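Asks: One structure coming up, written as structure tokens, with questions to follow.
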Amino acid sequence: MVFLLFFIAALFTVLAAIKLSTYADVLSEKTSLGGMMIGTIFLAGATSLPEVTTSLTAIGLNNPDLAVGNVLGSNLFNLLIIASFDLYFRKKQIFKGASQSNLYTVYLGMFLTFVIFLALTLKLPYSVFGIGLDAILLLVIYVIGMYALSKKAKEGEEDEEEVPQISSAISLKRAIIGFSIAAIVILLAGSLLAITGDKIAVITGLGSSFVGSFLIAATTSLPEAVAVLIAIQLRNYNLAIGSVLGSNVFNILILIGADVFYRPAPIISTVSSVHSITAVATFILSVIVVYSLVRFKLPRFQTAYWIPSAVLIIVYFVSSLLIFTH
């Protein structure tokens, strides 16, 4: 019964994400913001709603490893998503068609991931009003980074290539309403994923860290996977890449929120050190994404188009094995 409920929640998540991604593409067309900014803010935030509900539900269940594993594991899996689709649709050369402005989102995500790795290594017990100093530092970096991203997005708006707008028949009002409804459905489905996922961790005996980092992380990343697929079909490569990279940044905000609601101690100081492997792996995969975005301007460092994504996928599974055997 638990596995059936888990599957139903995952199904509703996927169906809602299909609508979410379509409406987000309409918003990118009919507002003053481009695909990168829509992907970074609206679509990334909405597709991260399952991570919000699962992590906060995990805190309610007094399972910090599940909460942290879900966030970091989702970030790792999100990069696997973009690499997998890039490899499958390699003739489209997704990274080549994406704006260089996505680099700023990657850099912000890498910086935040590095800070998380340090926090997991040092495990500082210090807090202010029950909120860990590491969480406060992450919040400051996040706010400054998002402000800088909004500035860069406006500066680079003229550089964005025009893409065919398939969903232009949908009105802006309908897109806003549909986007909101789909986001609510994802929010509810994410709650069910957390509850059933916690029970599956107990039933299978795999442990909260592993289940959170892989089973739940992969499932809560289904909206990102669907969003990327639909965006690629719409030939909106900025939206495809921006949604994944933006979700990774937004997920850090979820981790900060989890720290706020977890009262016994700063959450990062209480979780397993195995999460450090996930953080390092995410950083390495982000470096590969950076190369994928900039290599077209570096003739001396050209490789066959498919190689970076293939390497990224290999690194993902190697890191998965390390976490499983840790």
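So our numbering is basically just the index in the sequence shown, starting at one, shifted up by 42. Positions of the beta carbon are idealized from the N, C-alpha and C atoms, including for glycine. Treat the numbers as computed from the prediction; the structure is a model and nothing was measured.
(1) Are there three or more Cβ pairs, one per stretch, closer than 8 angstroms when the stretch 117-129 is compared with the stretch 300-310?
(2) Could you pull out every unbroken beta strand (DSSP E) segment of at least 3 residues lying fully inside the stretch 268-312, listed in chain order?
(3) With a threshold of 8 angstroms on Cβ separation, who are the neighbours of P106 within its own chain once the five nearest residues in sequence on each side are excluded?
(4) Could you check what DSSP says for I173 in three-state terms: helix, strand or coil?
(5) Skipping 5 residues on each side, what residues in its chain have a beta carbon closer than 8 angstroms to that of I319?
(6) Does S143 pass the burial test, meaning 16 or more other C-beta atoms within 10 Å, or should it be called exposed?
(7) Hey, could you find the ends of the alpha helix (DSSP H) V157 is sitting in?
(8) Compare the C-alpha of L180 against each of L191, G151 and A190 and name the closest.
(9) Considering Cα atoms alone, identify which of I294, A282 and Y189 is closest to K126.
(10) What would DSSP say about M43, mapped onto helix, strand or coil?
(11) Considering T262, what are the terminal residues of the alpha helix (DSSP H) in which it resides?
(12) Can you tell me where the alpha helix (DSSP H) with A224 in it begins and where it stops?
(13) Identify whether T55 lies in helix, strand or coil by the three-state DSSP scheme.
(14) Are three or more beta carbon pairs between the stretch 319-338 and the stretch 348-362 nearer than 8 angstroms?
(15) How is P350 classed by DSSP in three states: helix, strand or coil?
(16) Are the beta-carbon atoms belonging to R132 and Y347 less than 7 angstroms from one another?
(17) One question on the structure: do L295 and Y184 come within less than 7 angstroms of each other, judged by their Cβ atoms?
(18) Pick from L335, V227, L287 and I356: whose alpha carbon is nearest that of T155?
(19) Is it the case that the Cβ atoms of T95 and S233 are separated by a distance below 7 angstroms?
(20) Checking 7 angstroms against the spacing of the C-beta atoms, do V56 and V268 come in under that value?
(21) State the Cα-Cα distance for the pair K61 and I274, rounded to the nearest angstrom.
(22) Suppose contacts are defined by Cβ-Cβ distances below 7 angstroms. Is F137 in contact with L276 by that definition?
(23) In three-state DSSP terms, what is F256?
(24) Nearest-angstrom Cα distance between G115 and F153?
(25) If we ignore side chains and look at the alpha-carbon of each, how far apart do E93 and N293 end up?
(26) Nearest by alpha-carbon distance to S222: which of V182, A51 and T64 is it?
(27) Starting from the C-beta of K193, find all residues in its chain whose C-beta is less than 8 angstroms away, skip the five residues before and the five after it, and write them out in chain order.
(28) In whole angstroms, what is the alpha-carbon distance linking Y146 and K134?
(29) Measure the alpha-carbon distance for L98 versus K339 and round it to whole angstroms.
(30) Grab me the residues of I158's own chain with a C-beta within less than 6 angstroms of its C-beta, minus the 5 sequence neighbours each way, in chain order.
(31) Using only the alpha-carbon positions, how far apart do A58 and V316 sit?
(32) Just checking my contact of N112 with N290 at CB under 8 angstroms: how many whole Å lie between their CB atoms?
(33) Can you list, in chain order, the residues of its chain with a C-beta nearer than 6 angstroms to that of S263? Leave out the 5 residues immediately preceding and following it.
Replies: This is what the structure holds:
(1) Using a C-beta cut-off of 8 angstroms, the stretch 117-129 makes no contact with the stretch 300-310, since fewer than three inter-stretch Cβ pairs fall below that distance.
(2) Listed in chain order, nothing qualifies, since the stretch 268-312 has no complete beta strand (DSSP E) run of 3 or more residues.
(3) Taking the sequence shown and counting its residues from 1, one reaches residue 106 at position 64. Excluding sequence neighbours, P106 sits near A100, A300, Y304, I309, T312 and V313.
(4) As a first step, residue 173 must be located in the sequence shown, where it is residue number 131. Three-state result, I173: strand.
(5) Residue numbering aside, residue 319 sits at position 277 when the sequence shown is read from its first letter. Excluding sequence neighbours, I319 sits near S361, L364, I365 and H368.
(6) Within the sequence shown, numbered from 1, the residue matching residue 143 stands at position 101. Burial call: buried.
(7) Indexing the sequence shown from 1 puts residue 157 at position 115. Looking at the DSSP string, the run of the alpha helix (DSSP H) that includes V157 is N144 to L164.
(8) Here the question's residue 180 lines up with position 138 in the sequence shown. Across the set L191, G151 and A190, the C-alpha of G151 shows the shortest separation from the C-alpha of L180.
(9) Here residue 126 is taken as the residue at index 84 of the sequence shown, counted from 1. What sits at residue 126 in the sequence shown is Ser, not Lys. If we check each option's Cα against that of S126, A282 comes out closest.
(10) What you label residue 43 is simply residue 1 of the sequence shown in a count that begins at 1. Three-state result, M43: coil.
(11) Counting from 1 along the sequence shown, the entry for residue 262 is found at position 220. Segment A259 to T262, the alpha helix (DSSP H) holding T262.
(12) Walking along the sequence shown from the start, residue 224 turns up at place 182. Taken as a continuous stretch (DSSP letters only), the alpha helix (DSSP H) holding A224 covers L214 to T246.
(13) Residue mapping note: residue 55 aligns to position 13 of the sequence shown, counting from 1. Helix, per DSSP.
(14) yes
(15) To locate residue 350, count along the sequence shown from 1; it is residue 308. Reduced to three states, the DSSP call for P350 is helix.
(16) Stepping through the sequence shown from its first residue, residue 132 is reached at position 90. Stepping through the sequence shown from its first residue, residue 347 is reached at position 305. Cβ distance < 7 angstroms, so R132 and Y347 count as in contact.
(17) Within the sequence shown, numbered from 1, the residue matching residue 295 stands at position 253. Within the sequence shown, numbered from 1, the residue matching residue 184 stands at position 142. Taking 7 angstroms as the Cβ cut-off, L295 and Y184 qualify as a contacting pair.
(18) By one-based count along the sequence shown, residue 155 stands at place 113. Of the candidates L335, V227, L287 and I356, the one whose C-alpha sits nearest the C-alpha of T155 is L287.
(19) Here residue 95 corresponds to residue number 53 of the sequence shown, with the count starting at 1. Here residue 233 corresponds to residue number 191 of the sequence shown, with the count starting at 1. T95 is a Cβ neighbour of S233, given a cutoff of 7 angstroms.
(20) Position 14 of the sequence shown, counting from 1, holds the residue named residue 56. Position 226 of the sequence shown, counting from 1, holds the residue named residue 268. In contact: V56 and V268 (Cβ atoms closer than 7 angstroms).
(21) In the sequence shown, counting from the first residue as 1, residue 61 sits at position 19. In the sequence shown, counting from the first residue as 1, residue 274 sits at position 232. In a straight line, the C-alpha of K61 is about 14 angstroms away from that of I274.
(22) Here residue 137 refers to the residue found at position 95 of the sequence shown. Here residue 276 refers to the residue found at position 234 of the sequence shown. No; because the gap between Cβ atoms is not below 7 angstroms, this pair is not in contact.
(23) Sequence index remark: in the sequence shown, residue 256 carries index 214 (1-based). Reduced to three states, the DSSP call for F256 is helix.
(24) Locating residue 115 in the sequence shown gives position 73, where the first residue counts as 1. Locating residue 153 in the sequence shown gives position 111, where the first residue counts as 1. When rounded, the distance between both Cα atoms is 17 angstroms.
(25) In the sequence shown, the residue the question calls residue 93 occupies position 51. In the sequence shown, the residue the question calls residue 293 occupies position 251. The alpha-carbon atoms of E93 and N293 are separated by roughly 7 angstroms.
(26) Walking along the sequence shown from the start, residue 222 turns up at place 180. The option with the nearest alpha carbon to S222 is T64.
(27) Taking the sequence shown and counting its residues from 1, the one referred to as residue 193 is at position 151. Within the same chain, K193 has no close Cβ partners at all.
(28) Here residue 146 refers to the residue found at position 104 of the sequence shown. Here residue 134 refers to the residue found at position 92 of the sequence shown. Near 23 angstroms, if we compare the C-alpha coordinates of K134 and Y146.
(29) Taking the sequence shown and counting its residues from 1, one reaches residue 98 at position 56. Taking the sequence shown and counting its residues from 1, one reaches residue 339 at position 297. Whole-angstrom Cα-Cα distance: 42 angstroms.
(30) Looking up residue 158 in the sequence shown gives position 116. Closer than 6 angstroms at Cβ, skipping near neighbours: A321.
(31) On the sequence shown, residue 58 is found 16 positions in, with the first residue counted as 1. On the sequence shown, residue 316 is found 274 positions in, with the first residue counted as 1. Going by the C-alpha atoms only, they are around 32 angstroms apart.
(32) On the sequence shown, position 70 is the one that residue 112 refers to. On the sequence shown, position 248 is the one that residue 290 refers to. Contact doesn't hold; Cβ gap of about 13 angstroms is too wide.
(33) Counted from its first residue, the sequence shown places residue 263 at position 221. So the list reads S116, F119 and N120, once near-sequence residues are dropped.
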